[in-house]
Amino acid sequence: MEQISLGTLIWMTVAAFLTLSIFSFLYRDNPFYRFAEHLIVGISAGYWIAILYHTSLTDLWIEPLVDSVSAFGAAGGSIPAKIGILLANLTPGVIGCLMFTRFFKSKAWISRWPIAYYLGISAGVALPLYIQSFVIRQVAANMFNPVIIYNTIVSDLSTLYYYGNSMMGIWTGIGDIIILLGCVCGLAYFYFSAEHTGVLGAAAKIGIWTLMIGFGATFGYTVMARISLLIGRFNFLIDWVSALGNYFNL
Amino acid sequence: MIQPGKKIPMFAIVTLLSVLSAYIAQAQPPHSHMTFVDPDSVFVFKYSSLAPQPGPPENLAAADSPNDAGGAISISWSKAPGDNTIFNSVDGYLLYRSASLDDGFSFLTRLPAGSTGYSDSDPDLKNGENFYYQVAALYGRDTLYAETAGPAVPGAQLFHTKRILVLLFMALFSGTALYLINLAKRGGTLYVRPIPGIDAVDDAIGRATEMGRPILFVPGLGEASRVATIAAFTILARVAKKVAEYQTRIIVPNYDPVVMTICQEVVKEAYSSAGRPDDYDPKDVYFVTQDQFPYTASVNGTMLREKPATNFYMGMFYAESLVLAETGFVSGSVQIAGTDQLIQIPFFVAACDYTLMGEELYAASAYLSQEPQQLGTLKAQDWGKIMAITLMLIGSIVYLFDSGAGEALKNWVIGG
């Protein structure tokens, strides 16, 4: 490992100390963990205030508002249009300021208006997007051509019978059937208007099995990703120890 | 089936001719109709005598891109002569744009050979303004320009013609929901099957009361507008009301300031409806930070210090789900989770006592509140599932009768 500067070594040591402090949580709650926890919470809260000030308050409100006010002094453009733009830029700020009425007990009810506005607009915008992405596209993805599935399976079985080898097309066909069946049964599991008995109960059982198999795969995949993060942290600690050794010629 | 006897002689003749042409092209001055070509940068086929005479792309057209919010223009043209896999004469296309025919054109982008269109969505494109386009085919170092196209005027469309099915689905869903909500308001019975995790809520609150420990309610990392967060508010209302009745304590650490505001309202309202408004402590519903892992570290610390008897994780969760649930497990709390984040559900299933998966979270919200609006919407969702299954099966059955019709139906559903 190449020689590093004292400044880098100090910052690496701080990072290693905080990493070990967080790891100490595995033993139990202790002053080191508390120190690291409060430090990171404080820093992140301060950091996000600065970020939001620049990316939301200034960029999205103050600057457009100042521009729309200065437009009145500039040539061109009709006055009604300029007033319209000014009002469009003023309204979000006014709605946002209504949130501060929470600090006055008698007027606190006004703060529900911006919340209602925010939730209503968000739900209205989200609904078509959700239906398109999570319903319509999924429905289309499950429209399989049974003729192709049948032909794929039959031709693959024929190849297997006559030539003794398979193109594995049979699994594609069976996979399509499983996906369709799993999807219908999964939807049956999330049907809340009737008890899960009889045919619906059987379908729901297949549905929950399909879901659990999917969850198992997701679990394994994600755990692997987390392990790689852990390895990354350990690699950092090893690098830090090496850097210490190199710096002090140990 | 490959028929070597027929294919190979033709291939050999074409290859021979092209090699011969290339040799002639190098040995002699180019033919009169090829005088603008740079002979140093050619492939064998490019300038052979078999290649069609180079020319500009034709049928250049520019028009406002449909079904968008404006700020985009679609440009199309026909391939220039020789732009195919046989002769491969064209090296690419150069696209130019101008706001006025008098100002001259400025370079926009270079596109590979074979291109026949481009969607210009440059931030400079302002709705309602005129734009002109020019495209040129590149033959070696030479460029051949097409006629200009325009003016094209970008603009927004109110109606997305490819989303008719979304409109139909929304109309059907909303109509059904309104009908069922009205039915519930008039006293009609809307049955919702029991959900195991929900029945455990009251027991978990009772346990906390007996142990004299608080309840921790984590509303997730979602914004207030997310459906899972909205469902979490309803569950919080129910939990907070029970907590107020049992005179225990509820702690709600928040990631989002708006969510915090709503949680404060919800808990305050719950205490009032339980007849104990004075027991509500606004300091127990607090903001931590809007940063994922610092928030997680703080909630973990709260779990170990306050030792809550029951932890609720309701709403949207990401990578912190397992960290939170594992800490809660280690601290010996009963844990009930609910999220619609598919990737996080397995972690909650592994580490919590009860998990509400996906739509169960919304159903739980309706089941607990028994509000006509929520019950009606939940029932409408069930009808939506029936519609989705029906559409899937119809789509597959249509294929049986006519493959083309099946494909057309699928494309219509996708909106293509």
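Chains as they are written, first to last, in this note's numbering: chain A, 1015 to 1264; chain B, -17 to 398.
Glycine residues also receive a C-beta, built at the ideal position from the N, C-alpha and C atoms.
Output the boundary residues of the beta strand (DSSP E) element that contains residue i.
i	result
B:Ser80	Gly74 to Ser80
B:Phe299	Note, B:Phe299: premise wrong, no beta strand (DSSP E); not H, not E.
B:Ile318	Val316 to Thr321
B:Phe89	Ser88 to Pro94
B:Phe269	Val267 to Phe269
B:Met339	Tyr336 to Met339
B:Leu42	Glu40 to Asp46
B:Thr125	Asp124 to Tyr127
A:Gly1107	Looking at the DSSP string, A:Gly1107 is not in any beta strand (DSSP E); the run it does join, the alpha helix (DSSP H), is Ile1093 to Cys1111.
B:Gln116	Phe113 to Tyr121
Check each candidate in the options and name the one with the smallest Cα separation from residue i.
i	options	result
B:Tyr400	B:Arg145, B:Gly86 and B:Asp46	Shown here, chain B extends from -17 to 398; a query on residue 400 of chain B therefore has no answer.
B:Ile55	B:Ala43, B:Pro63 and B:Lys61	B:Ala43
B:Val270	B:Gly194, B:Val281 and B:Gln229	B:Val281
B:Thr216	B:Asp85, B:Glu353 and B:Ser103	B:Glu353
A:Ile1252	A:Gly1091, A:Ala1102 and A:Thr1033	A:Thr1033
B:Ser97	B:Asp50, B:Asp181, B:Glu40 and B:Arg123	B:Glu40
A:Val1237	B:Val305, B:Gly320 and B:Tyr228	B:Val305
B:Asp316	B:Asp124, B:Val183, B:Ile371 and B:Arg220	According to the sequence displayed, residue 316 of chain B carries Val and not Asp. Here the closest residue by C-alpha is B:Val183.
A:Ala1155	A:Ile1241, A:Leu1195 and A:Asn1249	A:Leu1195
B:Lys144	A:Pro1142, A:Ser1058 and A:Leu1112	A:Pro1142
B:Tyr277	A:Asn1044, A:Glu1051, A:Val1028 and A:Ile1109	A:Glu1051
A:Ile1065	B:Arg220, B:Pro105, B:Asp273 and B:Gln35	B:Asp273
A:Arg1116	B:Ile68, B:Asp50, B:Met242 and B:Arg195	B:Met242
B:Thr321	B:Val209, B:Glu308 and B:Leu382	B:Val209
B:Ala428	B:Gly37, B:Leu373 and B:Leu83	No statement about residue 428 of chain B is possible, as the shown extent of chain B runs from -17 to 398 and does not include it.
B:Ser58	B:Trp365, B:Phe299 and B:Gln116	B:Gln116
B:Ile180	B:Ser351, B:Glu129 and B:Gly283	B:Ser351
B:Ile133	B:Ser82, B:Val248 and B:Phe87	Note that residue 133 of chain B is Pro in the sequence shown here, rather than Ile. Nearest option by C-alpha distance: B:Ser82.
B:Asp102	B:Ile371, B:Ile163 and B:Pro48	B:Pro48
B:Gly257	B:Tyr228, B:Lys367, B:Gln246 and B:Pro239	B:Tyr228
B:Asp384	A:Asn1159, A:Val1213 and A:Arg1126	A:Asn1159
B:Tyr268	B:Leu126, B:Tyr237 and B:Tyr161	B:Tyr237
State yes or no: is the beta carbon of residue i nearer than 8 Å to at least one beta carbon in chain A?
i	result
B:Pro235	no
B:Gly283	yes
B:Thr91	no
B:Ile57	no
B:Lys289	no
Chain B beta carbons: is any one of them nearer than 8 Å to that of residue i?
i	result
A:Ile1220	no
A:Val1055	yes
A:Trp1062	yes
A:Leu1100	no
A:Gly1230	yes
A:Asn1165	no
A:Ala1216	no
A:Pro1160	yes
A:Phe1114	no
A:Val1149	yes
Going by beta carbon distance, what residues of the same chain come within less than 6 Å of residue i, once the five residues before and after it are set aside?
i	result
B:Pro328	none
B:Leu172	Ala166, Leu357 and Lys361
A:Cys1197	Asn1156
B:Tyr399	Nothing can be reported for residue 399 of chain B, as the shown portion of chain B is limited to -17 through 398.
B:Phe311	Ala333
B:Ala213	Leu343, Tyr344 and Ser347
B:Gly340	Asp322
Might you give, ordered along the chain, the residues of its own chain that have their beta carbon closer than 7 Å to the beta carbon of residue i, omitting 5 neighbours on each side?
i	result
B:Ser313	Met285, Leu286 and Lys289
B:Gly74	Arg92, Leu93, Pro94, Ala95 and Leu120
B:Glu389	none
A:Ala1216	none
B:Ala186	Thr292, Val316 and Ile318
B:Asp266	Arg231, Ile232, Ile233 and Val234
B:Ala387	Val380
A:Met1181	Asp1170 and Thr1173
Given residue i, which residues of its chain have a CB within under 8 Å of its CB, disregarding the five upstream and five downstream residues?
i	result
B:Ile177	Leu338, Glu342, Ala345, Ala346 and Tyr349
A:Lys1096	Ser1082, Ala1085 and Phe1086
B:Tyr78	Phe87, Ser88, Phe89, Leu90, Tyr115, Gln116, Val117 and Ala118
At which residues does the alpha helix (DSSP H) containing residue i begin and terminate?
i	result
A:Trp1223	Gly1212 to Tyr1261
B:Phe275	Gln274 to Glu288
A:Ser1172	Pro1160 to Tyr1177
TODO: Take every Cβ of the region 132 to 144 of chain B, pair it with every Cβ of the region 95 to 112 of chain B, and state whether three or more of those distances are shorter than 8 Å.
DONE: yes
Task: the region 1135 to 1155 of chain A contacting the region 340 to 357 of chain B, beta-carbon criterion three pairs below 8 Å - done: no
Open item on the list: With three or more beta-carbon pairs closer than 8 Å as the criterion, would you say the region 1038 to 1046 of chain A touches the region 246 to 258 of chain B?
Closed with: no
Task: Stretch pair the region 1186 to 1195 of chain A + the region 146 to 162 of chain B: three plus CB contacts closer than 8 Å - done: no
Open item on the list: At a CB distance below 9 Å, what residues from the region 1026 to 1049 of chain A approach chain D? Give them in sequence order.
Closed with: This model lacks chain D altogether, as its protein chains are A and B.
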